[in-house]
Amino acid sequence: MLWPDLLEITLRSLLISLGATVIASAIAMPFGAWLALSRFRNRRWVIAILNALMGIPPVAVGLIVYLSLSRSGPFGVLGLLFTPTAMVIAQVIIITPLIASLTHQICRELWFEYHDLLISLKTGKWHRARILLRDARRGLITAALAGFGRAIGEVGAVMIVGGNIDHATRVLTTAISLETSKGNLWFAVSLGGILIVLSVIVSLTVHGLGKTERGGRW
Amino acid sequence: MIRVIWQCLFIMLAATVQADTLRMAVTTSFENSGLSDVLLPEIEKDTGHQIQLIVVGTGQALKLGQAGDVDAVLVHSKAAEIAFVEAGYGPYRREIMYNDFVIVGPVSDPAGLGKITTAVDALHAIAAGGHLFASRGDDSGTHKAELALWEKTKMGHGGRWYRETGSGMGTTLNVAVAIGAYVLTDRASWINFGNTGDFQILFEGDPMLFNQYAFLPVSDRRHPHVNARAVQEVETWLVSAKGQALIGQYQLDGQNLFFPNAEPRP
């Protein structure tokens, strides 16, 4: 494998998983905050199911997305199977429950503190949710990073829906799998090293932008 | 935030709308051997078609063709290919090239394959001695070929010594080398395999181990979105003098991996 190829695969991994994290966060964070604020009949059940979905096997998600996007499946006409879009869809499904559950947990604890104040100010539900999300942003960054980590390190689902096509859908994890199958074990391990370095860089960048984890700030 | 999402979506969608690409499901040996790296750039240069390879076992490749998720398949299991054509999933099969299967194993050769002359006897010796044998177990062309050989030995192959990996050729070779098991592999995958340990080819040369590769277009009557014109041009290129010569000239470690044998159109 050549250096431009390696760079291309690394960038593709980053783009797909960042895209999936942004989309999943946009769905999961408002939902998590809403869940922390709302009281309804089957709330316990919704939370229990959400927590269970955190451990959803990526391969199963991959298979479901595959069957839906296959030409013989319900969304076959879109022609999305074996494209990066299909990989983003699979990753969004895998990490949305994780981010939503963590968001709910973080917002619930904040809600205990803010409850009396926000009720007395007669704020609307969405207003309250916005305040919670804003003040919990550091915890939410960690939740998003957890989702990103799960997305970029995942191999089963992206292999199934992406097909590991060279110059189209090959990402770091599927390349590791391929090189292992060719018996190039040391090269596969090196790719794993790149994956870890990439995650560290993303984490540092996000904390840098969010001005968190700085000296003197708690 | 919303703008970032739209930009991400746009990048993803832009990547999907590529002009004149063609999806082909191919058997692992076609890519693992490195032959695809030689042929695909030439095909793109001569025909203008960019081929995206989905690398899977023969069984899964035919399933992808059946569902219409690829435009053509290149596989190696004659019986399964004929069934595919008869079921109407593809109009015909076109033979392109061949190589052969070999049995590799630990250099100590506990089953004594070195003194055996037929493939059936070789498997018989492995089973009779209860020596470890690693099987693909994944409905691939190699797996089907192996099962056909076991059928001929008239021996069961379900003991503790028989290990099904349920994975591709490379993974199965990794497992076999790790546990010291005999394994049936196509020659190209073996020559191109990196983690060989103390393994070597212990049995080869039986005509039973002949391994034919064929190209099958996916039916454009059943799946109108299939790019039949491009598939036709790629097929013509593969059986052309240039395509056949490139296949025949491809060598690794001084050995030929594939032998072209395309016939004129039936």
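These protein sequence lines are chains Z and E, in that order. Using the numbering used here, read the first sequence as starting at 1 and increasing by one per residue. Using the numbering used here, read the second sequence as starting at 1 and increasing by one per residue. Where a beta carbon is used, it is the ideal one built from N, C-alpha and C, also for glycine.
Length of the line joining the Cα atoms of residue i and residue j
i: residue 184(E); j: residue 103(E); result: 5 Å
i: residue 218(Z); j: residue 138(Z); result: Annotation note: pLDDT 47 at residue 218(Z) (below 50); position unreliable, coordinate value reported separately. One C-alpha to the other measures close to 11 Å.
i: residue 221(Z); j: residue 87(Z); result: Because chain Z in this structure spans residues 1 to 218, residue 221(Z) falls outside the shown range and cannot be described.
i: residue 248(E); j: residue 98(E); result: 10 Å
i: residue 16(E); j: residue 15(Z); result: Since pLDDT at residue 16(E) reaches only 48, below the 50 mark, its modelled position is unreliable, and the value read off the structure follows with that caveat. For residue 16(E) and residue 15(Z), the distance between alpha carbons rounds to 14 Å.
i: residue 257(E); j: residue 263(E); result: 19 Å
i: residue 113(E); j: residue 205(Z); result: 59 Å
i: residue 123(E); j: residue 150(E); result: 7 Å
i: residue 103(Z); j: residue 29(Z); result: 6 Å
i: residue 164(E); j: residue 60(Z); result: 22 Å
i: residue 96(Z); j: residue 122(Z); result: 31 Å
i: residue 121(E); j: residue 81(E); result: 28 Å
i: residue 101(E); j: residue 178(E); result: 21 Å
i: residue 129(E); j: residue 108(E); result: 14 Å
i: residue 76(Z); j: residue 118(E); result: 48 Å
i: residue 160(Z); j: residue 168(Z); result: 14 Å
i: residue 18(E); j: residue 120(Z); result: No answer about residue 18(E) holds up, because its pLDDT of 48 lies below 50 and its placement is not dependable.
i: residue 155(Z); j: residue 189(Z); result: 15 Å
i: residue 246(E); j: residue 53(E); result: 19 Å
i: residue 192(Z); j: residue 78(E); result: 39 Å
i: residue 208(E); j: residue 199(E); result: 22 Å
i: residue 58(E); j: residue 172(E); result: 15 Å
i: residue 55(E); j: residue 76(E); result: 13 Å
i: residue 83(Z); j: residue 4(Z); result: 21 Å
i: residue 259(E); j: residue 205(E); result: 15 Å
i: residue 159(E); j: residue 50(Z); result: 44 Å
i: residue 46(Z); j: residue 37(Z); result: 13 Å
i: residue 207(Z); j: residue 200(Z); result: 11 Å
i: residue 116(E); j: residue 211(E); result: 20 Å
i: residue 146(E); j: residue 187(E); result: 14 Å
i: residue 20(E); j: residue 19(Z); result: 26 Å
i: residue 141(Z); j: residue 106(Z); result: 11 Å
i: residue 135(Z); j: residue 7(Z); result: 37 Å
i: residue 126(Z); j: residue 17(Z); result: 28 Å
Beta-carbon contacts of residue i that lie in its chain and below 7 Å, excluding the five residues immediately before and after
i: residue 127(E); result: 153, 155, 157
i: residue 131(E); result: 110, 111, 161, 182
i: residue 226(E); result: 68, 71, 218, 220
i: residue 137(E); result: 143, 164, 165, 166
i: residue 180(E); result: 106, 132
i: residue 261(E); result: 95, 97, 98
Test item: CB-CB of residue i and residue j under 8 Å
i: residue 100(Z); j: residue 40(Z); result: no
i: residue 178(Z); j: residue 164(Z); result: yes
i: residue 162(Z); j: residue 180(Z); result: no
i: residue 21(Z); j: residue 151(Z); result: yes
i: residue 129(Z); j: residue 33(Z); result: yes
i: residue 90(Z); j: residue 65(Z); result: yes
i: residue 140(E); j: residue 170(E); result: no
i: residue 132(Z); j: residue 98(Z); result: no
i: residue 222(Z); j: residue 9(Z); result: What is shown of chain Z runs 1 to 218, which leaves residue 222(Z) out entirely.
i: residue 43(E); j: residue 234(E); result: yes
Residues bridged to residue i [DSSP beta-bridge criterion]
i: residue 186(E); result: 101(E)
i: residue 136(E); result: Answer by DSSP bridge pairing: none, since residue 136(E) is not bridged.
i: residue 249(E); result: DSSP, once it has assigned bridges, lists no residue as partnering residue 249(E).
i: residue 154(Z); result: DSSP, once it has assigned bridges, lists no residue as partnering residue 154(Z).
i: residue 87(Z); result: In the DSSP output, where bridge partners are listed per residue, residue 87(Z) has none listed.
i: residue 106(E); result: 199(E)
i: residue 24(E); result: 53(E), 72(E)
i: residue 4(Z); result: In DSSP, residue 4(Z) forms no bridge with anything.
i: residue 212(E); result: 98(E)
i: residue 255(E); result: 252(E)
Same chain only: Cβ atoms within 6 Å of residue i, ignoring 5 sequence neighbours per side
i: residue 105(E); result: 182, 202
i: residue 236(E); result: none
i: residue 176(E); result: 134, 183
i: residue 84(E); result: 62, 90
i: residue 35(Z); result: 104
i: residue 80(Z); result: 69, 86
i: residue 116(Z); result: none
i: residue 12(Z); result: 171
Contact set for residue i: own chain, Cβ-Cβ below 8 Å, skip 5 residues either direction
i: residue 253(E); result: 191
i: residue 223(E); result: 68
Residue i CB to nearest heavy atom of the ligand ADP below 7 Å
i: residue 129(E); result: Among the components modelled here there is no ligand, and therefore nothing to report on the ligand ADP.
Within 8 Å, do at least three Cβ pairs link the segment 67-80 of chain E to the segment 69-78 of chain Z? yes
When the Cβ atoms of the segment 19-36 of chain E are set against those of the segment 135-149 of chain Z, are three or more pairs found closer than 8 Å? no
With a threshold of 8 Å, are at least 3 pairs of Cβ atoms found where one atom belongs to the segment 213-230 of chain E and the other to the segment 84-94 of chain E? yes
So, does the segment 36-51 of chain E touch the segment 19-26 of chain E, judging by three or more C-beta pairs under 8 Å? yes
Check whether the segment 224-237 of chain E and the segment 41-51 of chain E are in contact - that is, three or more C-beta pairs closer than 8 Å. yes
Measuring CB atoms only, is the segment 181-198 of chain Z touching the segment 193-211 of chain E, in the sense that at least three cross pairs come out at less than 8 Å? yes
State whether the segment 80-92 of chain E contacts the segment 188-196 of chain Z, with contact taken as three or more CB pairs (one from each stretch) at a distance under 8 Å. no
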